[in-house]
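Participant:
Residue numbers (UniProt numbering): 1 to 628.
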């Protein structure tokens, strides 16, 4: 037996499956579906290795009763798998309420020979606390004989089972090892809090039903489908709510949905481009040999489990829908990359091409795994460049070129998706200029640094867009490469930061740059200084809008000290500000030269002081006033 599908099963079912060298596959049900197993979910999990389906109706503990129509649909799926048997747990057939009606699975057409029905005397005939069970099967007596052998060999003494269950649950929740359930025995349970101190906690006042319900919820939680966000392989995340608050529009696709995270929008606001995806798929197939579509779908099916793990949440699509979505999206992206502007009328509109590029390459939530793109790219017959990375250089020649791609290959970075490819190109440029230390230090704002005598200069030797992180401090001057902030630049910048905040293995250099700039920018006055020196080209709006952009974004950032590549520069700036003359100069500027009237008052007071000193001098030494 190579596979087992267990539905609503007690915790011993998976272990029994493992004893039989089978792999248990838990099929989860939802409260919105009345905890019923629907055929689409079952069909997505069955394969040629599946051998046993455990079905519980009426269900314990939900009380759900499967209607005849739903059981017939499940039976139709079972019929398609000739080596699959059904173990129908019907222990609670008499404990249901009208209008629910129990239907035995073995009574369905063609299911008698395929079904093992399990029932018991305690529930059927009111034999309370009895451990008597019964099982019916087809005429083959060997099945019942084998079940009796397993029952006698595997089933443990009831008390031992209870002790093992209590030990497992209590050790998980408290970290201590106990031999009996305190909620059932009512005894005081010793808890080891310290190596030398043992205290007792009185648990007799707890409601047993409440404790039992918590344990049941914990059991369900342990068996739930694990979200991919709990795995290091997860690289495509929902942007957190706190980051979205600063600027929600930059994280949501405006024209096209790629991948499953915005799948629900494909039939509403993003429906227009769905038709074009089918057109791109048709174009690719028309240039390919016969049977290519089948090869594309089969290739994605092989990678489905790995692809699902790339997303931060459980994807509620069945296997076929998931594969169809991946093939459509990947073929659209490949066709979009390879087309020249004069090949398709849709790309004659430059704004549309820019908007599609932003949706496809720059949004964290709008990505598909890179290995899916790479696999389908290899299967498509007429792919002109050598790799999907080289295709991306067509859209971003300023960021991605052959030199950058070669460095990425040499670094052995495992690219997860297109946004990660762009991120890697930035990171490799920064690593060439990293200092040895990486401790985060705050620095004063631009206006305060200016008061201390520090000058801001645009770093003019910037070779390309990737040099925006090459900040330098020398001889009282901070040199920062200019950066243009407008809608598209903001979108790239904020999504790269969101990617760093969510994906653990990557370097957090864009976050470090944002934290540094946020230190410099506290208000509109700081933005004005940086704009005047050519460091910021502000297309966002007013200076206040630019300041708000950084302040709102940085408020929710986690700065990773290990990746703060600007720590050496921050340390030098702070040391300069703490030296005697800059500190005195900053005090004078802040207290006496804050506005023009303060300067006039200071000069008037200084002139009066000089006149007073002169008058006093000549009064004391009149010979200097009148000569000898």
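Glycine included, every Cβ here is placed at the ideal spot set by N, Cα and C. Note that the coordinates shown come from a computational prediction; the quantities given were computed from them, not determined experimentally.
1. Is residue 290 helix, strand or coil by DSSP?
2. Give me the Cα-Cα distance between residue 490 and residue 38, rounded to the nearest whole angstrom.
3. Only counting the same chain, and skipping five residues up and downstream in sequence, which positions put a Cβ closer than 6 angstroms to that of residue 631?
4. Figure out for me which residue from 550, 564, 368 has the closest Cα to the Cα of residue 330.
5. If you count every other CB in all the chains shown that lies within 10 Å of the CB of residue 21, and 16 or more means buried, which is it?
6. Could you check how far apart the C-beta atoms of residue 480 and residue 471 are, in whole angstroms? I think they sit under 8 angstroms.
7. With H, G and I counted as helix, E and B as strand and the rest as coil, what does DSSP make of residue 116?
8. Return helix, strand or coil for residue 537, following the three-state DSSP convention.
9. According to DSSP, is residue 507 part of a helix, a strand, or is it coil?
10. Just list the alpha helix (DSSP H) runs in the segment 241-311, keeping only unbroken ones of 4 residues or longer that don't cross its boundaries, in chain order.
11. What span of residues does the beta strand (DSSP E) with residue 477 cover, start to end?
12. What alpha helix (DSSP H) runs, 4 residues minimum, are completely inside the segment 511-572?
13. Compute the Euclidean distance between the alpha carbons of residue 87 and residue 219, then round it to the nearest angstrom.
14. Considering just the uninterrupted stretch of the beta strand (DSSP E) at residue 52, what are its terminal residues?
15. Please state whether DSSP places residue 89 in a helix, a strand or coil.
16. With residue 80 as the anchor, note down where its alpha helix (DSSP H) starts and where it stops.
17. If residue 485 and residue 537 are in contact, beta carbons under 8 angstroms, what's the gap, nearest whole angstrom?
18. Under 8 angstroms Cβ to Cβ from residue 18, same chain only, skipping five residues before and after it: list those, please.
19. Smallest Cα separation from residue 545: which of 222, 247, 573, 66?
20. For the putative contact between residue 305 and residue 238, defined by C-beta atoms under 8 angstroms, what is the C-beta separation to the nearest angstrom?
21. Might you give, ordered along the chain, the residues of its own chain that have their beta carbon closer than 6 angstroms to the beta carbon of residue 42, omitting 5 neighbours on each side?
22. According to DSSP, simplified to helix, strand and coil, what is residue 441?
23. Once the 5 residues before and after residue 468 are set aside, which same chain residues still bring their CB inside 6 angstroms of it?
24. For residue 68, count neighbouring C-beta atoms within 10 Å of its own C-beta (all shown protein chains included) and say buried if the count is 16 or more, exposed if not.
25. What does residue 472 pair with, by DSSP beta-bridge criteria?
26. Per DSSP, which one or two residues make a beta bridge with residue 455?
27. Do the segment 512-522 and the segment 549-558 meet, that is, are 3 or more Cβ pairs less than 8 angstroms apart?
28. Count the other CB atoms within 10 Å of the CB of residue 443; is the residue buried (16 or more) or exposed (fewer)?
29. Give a yes or no on whether the C-beta atoms belonging to residue 564 and residue 512 are separated by under 7 angstroms.
30. Is there contact between the segment 93-112 and the segment 56-65, where contact requires at least three CB pairs shorter than 8 angstroms?
31. Would the beta-carbon of residue 419 fall within 7 angstroms of that of residue 364?
32. With a threshold of 16 other CB atoms inside 10 Å of the CB of residue 607, please say whether the residue is buried or exposed.
33. With DSSP as the reference, identify every bridge partner of residue 484, one or two as the case may be.
34. Quick one: what does DSSP say residue 174 is sitting in, helix, strand or coil?
35. So, with DSSP's three-state summary, where would you put residue 95?
Facilitator: Straight from the coordinates:
1. Reading the chain shown from its first residue, position 290 is the one you call residue 290. In the structure shown, residue 290 sits in coil (DSSP, three-state: anything other than H, G, I, E or B).
2. In the chain shown, the residue the question calls residue 490 occupies position 490. In the chain shown, the residue the question calls residue 38 occupies position 38. The alpha-carbon atoms of residue 490 and residue 38 are separated by roughly 44 angstroms.
3. No information on residue 631 is available, as it lies outside the stretch 1 to 628 that the chain covers here.
4. Your numbering for residue 330 matches position 330 in the chain shown. Nearest option by C-alpha distance: 368.
5. Mapped onto the chain shown, residue 21 falls at position 21. Classification of residue 21: exposed, given that the 10 Å Cβ count is below 16.
6. Within the chain shown, numbered from 1, the residue matching residue 480 stands at position 480. Within the chain shown, numbered from 1, the residue matching residue 471 stands at position 471. Confirmed, about 5 angstroms.
7. Position 116 of the chain shown, counted from the start, is the residue given in the question as residue 116. In the structure shown, residue 116 sits in a strand (DSSP, three-state: E or B).
8. Position 537 of the chain shown holds residue 537. DSSP places residue 537 in strand when its eight states are reduced to three.
9. What you label residue 507 is simply residue 507 of the chain shown in a count that begins at 1. In the structure shown, residue 507 sits in coil (DSSP, three-state: anything other than H, G, I, E or B).
10. 241-244, 272-286, 292-302, 304-308
11. Residue mapping note: residue 477 aligns to position 477 of the chain shown, counting from 1. Unbroken beta strand (DSSP E) run through residue 477: 477-480.
12. 524-532, 543-555
13. What you label residue 87 is simply residue 87 of the chain shown in a count that begins at 1. What you label residue 219 is simply residue 219 of the chain shown in a count that begins at 1. Answer to the nearest angstrom: the Cα atoms are 22 angstroms apart.
14. On the chain shown, position 52 is the one that residue 52 refers to. Unbroken beta strand (DSSP E) run through residue 52: 52-56.
15. Your numbering for residue 89 matches position 89 in the chain shown. The answer is strand: DSSP assigns residue 89 an E or B state.
16. One-based indexing of the chain shown puts residue 80 at position 80. Residue 80 -> no alpha helix (DSSP H), and no H or E assigned at all.
17. The residue labelled residue 485 in the question sits at position 485 within the chain shown. The residue labelled residue 537 in the question sits at position 537 within the chain shown. Yes, residue 485 and residue 537 are in contact; Cβ-Cβ is about 7 angstroms, under 8 angstroms.
18. As a working note, residue 18 is residue 18 in the chain shown. Closer than 8 angstroms at the Cβ level, and outside the excluded window around residue 18, lie 24.
19. As a position in the chain shown, residue 545 is number 545, starting the count at 1. Among 222, 247, 573, 66, the Cα nearest to that of residue 545 belongs to 247.
20. By 1-based counting over the chain shown, the position of residue 305 is 305. By 1-based counting over the chain shown, the position of residue 238 is 238. Not really, about 21 angstroms apart at Cβ, beyond 8 angstroms.
21. Here the question's residue 42 lines up with position 42 in the chain shown. These residues qualify, in order along the chain: 77.
22. By 1-based counting over the chain shown, the position of residue 441 is 441. Residue 441 falls in the coil class under three-state DSSP.
23. Reading the chain shown from its first residue, position 468 is the one you call residue 468. If we look at residue 468 and ignore the five residues flanking it on each side, its Cβ neighbours are 481, 483.
24. By 1-based counting over the chain shown, the position of residue 68 is 68. That one is exposed.
25. Counting from one through the chain shown, the residue named residue 472 turns up at place 472. 479.
26. For the purposes of this step, residue 455 is identified with residue 455 of the chain shown, where counting begins at 1. Answer is 477.
27. yes
28. As a working mapping, residue 443 is identified with position 443 in the chain shown. It counts as buried.
29. Indexing the chain shown from 1 puts residue 564 at position 564. Indexing the chain shown from 1 puts residue 512 at position 512. Going by C-beta atoms, residue 564 is nearer than 7 angstroms to residue 512.
30. yes
31. The sequence position of residue 419 within the chain shown is 419, counting from 1. The sequence position of residue 364 within the chain shown is 364, counting from 1. Contact flag set, yes.
32. Counting from 1 along the chain shown, the entry for residue 607 is found at position 607. Exposed, since its Cβ has fewer than 16 Cβ neighbours within 10 Å.
33. The sequence position of residue 484 within the chain shown is 484, counting from 1. Residue 484 pairs with 537.
34. As a first step, residue 174 is located in the chain shown; it is residue number 174 there, counting from the start. Note that residue 174 scores 38 on pLDDT, short of 50, meaning its location in the model is unreliable; the coordinates nonetheless yield the value given after this. Helix, per DSSP.
35. As a first step, residue 95 must be located in the chain shown, where it is residue number 95. Coil.
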